[in-house]
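Enquirer: The opening position of the sequence shown corresponds to residue 2 in this note's numbering, with each subsequent residue numbered one higher.
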Amino acid sequence: MALNALDRHVVVTGFMGAGKTTLGRDLARRLGRPFHDVDHAIEEVHGPIWDIFARDGEAAFRAIEAEFVRAATAARDPSVIAVGGGAVETRGLLRETDAFVLFVDVDVDTAWERVRRSNRPLARDESEFRRRYELRQPMYEEVADGTASDSDGAVLAAAGVHHETGSLDDLGALVPGDGRVALVGDAVVLGIYGPRAQEALGKRFASLHELPPGESAKQGAVLERLWGELRLDRSGTIVALGGGCTTDLAGFAAATYLRGVPWVAVPTTLVGQVDAAVGGKTAIDIPGGKNLVGAFHWPARVVIDETLLETLPERERRQGLAELVKTQLLAGRELDVRGAAAYKSAVCLRDPYDHGDRRWLNLGHTFAHALEAAADFDLPHGDAVALGLLAALRLSGRDTAAVEARLAPKAVAVDVERAWQALLRDKKRSGDTINVVLLGGNGPVVEARPAADVRRELERLIA
Ligand SMILES: NC(=O)c1ccc[n+]([C@@H]2O[C@H](COP(=O)([O-])OP(=O)(O)OC[C@H]3O[C@@H](n4cnc5c(N)ncnc54)[C@H](O)[C@@H]3O)[C@@H](O)[C@H]2O)c1
């Protein structure tokens, strides 16, 4: 069973009229992957499918289909492959491919409305159509690694993200496998949600590990203590329940303990739900800087239960709001938590190891990091990001009104020269230009801008 589509093909399946081609093509675009429509490819070689059915029968068609699916999934670079609704009847085919199987779910009435006037061989008779639907639904469910009915849902499923109200209480079922579970959280979060999480884990619960609050969790000494406390074998899973500090530290412990055990992130802050728990980056801080030691270790699952945010202090919510607004600017549209988690998931699946498009997520962060460093990190990250977004928008020639209205950034009193030096350290400078993430006409771009312009925008953020 594939837990996510990281470095794997996605095979999109579902009944006739589910919208597999539309959703598959959209998913491929969002993940930056090639898209193959197996029915379409078969028709190009063998002529219309209804003709193959009429001429040679369904079995012959299934054999051709299997051949196409095998060829498409044999390609080294992961792609998205939409298969016909009946591919599921070719026993074992989808399993054999080792792909992530995405089931596009649709209700039978919608499906029938969509296909009734087509010339599909299996959509001529309504009662036969409905009979097949009933027959196939359990087959899809059996082969599916994930289920979706819209574009964000497809991305979230591909990333292994489960977004549902009340899912904390289903944790026992949502943690993949059946091994033992070590639950990690800080004192505040464990105080509020620890007992519920523990109960939800039931017999799988093995141990509880408390971290110091906030950034002080992301220290070598805390990691070492956690390594020492863990008693999991390789079938075990670490569950990180908390904000970005908890998921960064526990995720890194999972990446390293026994040379890597699976982990599940249950983000309890807005920062965590729209950003930190998604994308597989884990890290601790060292005296030389934040997040300088870490690993890419994609969580086996991310469980997003927005009701956990109800207890989040306003100050913490603000931090997350800055990342949410950043994501909206990148996406070019309003997003809720689910949409923002899907946006980040797509970018990270597209560039899991941070060689390209993932840099977009740093919109405004060049400036934010410089201000934080100049303020000796006595500036909330969200406030710094809010200011950084202003600078990024101005350099992009964009209006800043939305950021001002949503985040009300206030210029900070820090030393200009210190901030500038920090920015230069953070950014590789080539000649007299500095690479910054900007918003272009077709979405985010990384562009070289004259150092003088970047400095001017930095100075505008300083009181
Ligand atoms: N790995 C990544 O991709 C990534 C991305 C963004 C940020 N981060 C990291 O995330 C960290 C910041 O995360 P954060 O802002 O979530 O901070 P955090 O983990 O420190 O949590 C903030 C505070 O809120 C409390 N809290 C958490 N959930 C609560 C809840 N539901 N109710 C009441 N209180 C709650 C915590 O006890 C803590 O004191 C930074 O270290 C940053 O580097 C990582």
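Cβ atoms here follow ideal geometry from the backbone N, Cα and C, with glycine treated the same way.
Nothing here was measured: the structure is a model prediction, and the numbers come from that model.
1) Mind listing, in chain order, the continuous beta strand (DSSP E) runs of no fewer than 3 residues lying wholly within the region 220–304?
2) For D400, which residues in the same chain have their Cβ closer than 8 angstroms to its Cβ, ignoring the five residues on either side in sequence?
3) At the level of alpha carbons, what is the spacing between T166 and I50?
4) I want to know whether the region 19–37 touches the region 79–95 - three or more CB-CB distances under 8 angstroms.
5) Taking DSSP's pairing of strands, which residues face H210 in a bridge?
6) Hey, would you say the C-beta of N363 is under 7 angstroms away from at least one heavy atom of ligand 1?
7) Should A277 be counted as a contact of ligand 1 given a C-beta to heavy atom distance under 7 angstroms?
8) Does the Cβ of G58 lie closer than 7 angstroms to at least one heavy atom of ligand 1?
9) Do the region 210–224 and the region 248–255 touch if we need at least three Cβ pairs shorter than 8 angstroms?
10) Identify every residue that forms a DSSP beta bridge with I82.
11) Can you tell me where the alpha helix (DSSP H) with T367 in it begins and where it stops?
12) Tell me which same chain residues have a C-beta within less than 8 angstroms of the C-beta of R461, skipping the five on either side of it?
13) Would you check if the region 359–374 and the region 417–426 touch, i.e. whether three or more CB-CB distances between them fall below 8 angstroms?
14) Out of curiosity, what's the CA-to-CA distance linking N363 and R316?
15) Give, in chain order, every unbroken run of the alpha helix (DSSP H) that is at least 4 residues long and sits entirely within the region 75–151.
16) Ends of the beta strand (DSSP E) at L440?
17) In whole angstroms, what is the alpha-carbon distance linking L309 and A453?
18) Just verifying my parser: in three-state terms, what is the DSSP assignment at H356?
19) What do you reckon, is the C-beta of P288 under 7 angstroms from a heavy atom of ligand 1?
Expert: Concretely, from the data shown:
1) Runs found: 238–243, 264–268, 282–287, 290–297.
2) If we look at D400 and ignore the five residues flanking it on each side, its Cβ neighbours are L394.
3) Approximately 42 angstroms between the Cα atoms of the pair.
4) Note that the region 19–37 touches the region 79–95; at least 3 beta-carbon pairs, one per stretch, sit closer than 8 angstroms.
5) BP columns for H210 point to V185.
6) Between ligand 1 and the CB of N363, the shortest heavy atom gap is not smaller than 7 angstroms.
7) Look at A277: its beta carbon is less than 7 angstroms from one of the heavy atoms in ligand 1.
8) No - ligand 1 has no heavy atom lying nearer than 7 angstroms to the Cβ of G58.
9) Short answer: they touch.
10) Partner(s): V12, H37.
11) Note, T367: alpha helix (DSSP H), 366–375.
12) Within the same chain, Cβ atoms closer than 8 angstroms to the Cβ of R461 are found at L391, A392, R395, A412, the five residues on either side in sequence being excluded.
13) Output reads yes: the region 359–374 touches the region 417–426.
14) Approximately 22 angstroms between the Cα atoms of the pair.
15) DSSP runs (the alpha helix (DSSP H)) wholly in the region 75–151: 94–97, 109–116, 127–144.
16) Run containing L440: 434–441, per the beta strand (DSSP E) assignment.
17) Answer to the nearest angstrom: the Cα atoms are 44 angstroms apart.
18) It is coil, neither helix nor strand.
19) Residue side-chain check: P288 keeps its Cβ at 7 angstroms or more from all non-hydrogen atoms of ligand 1.
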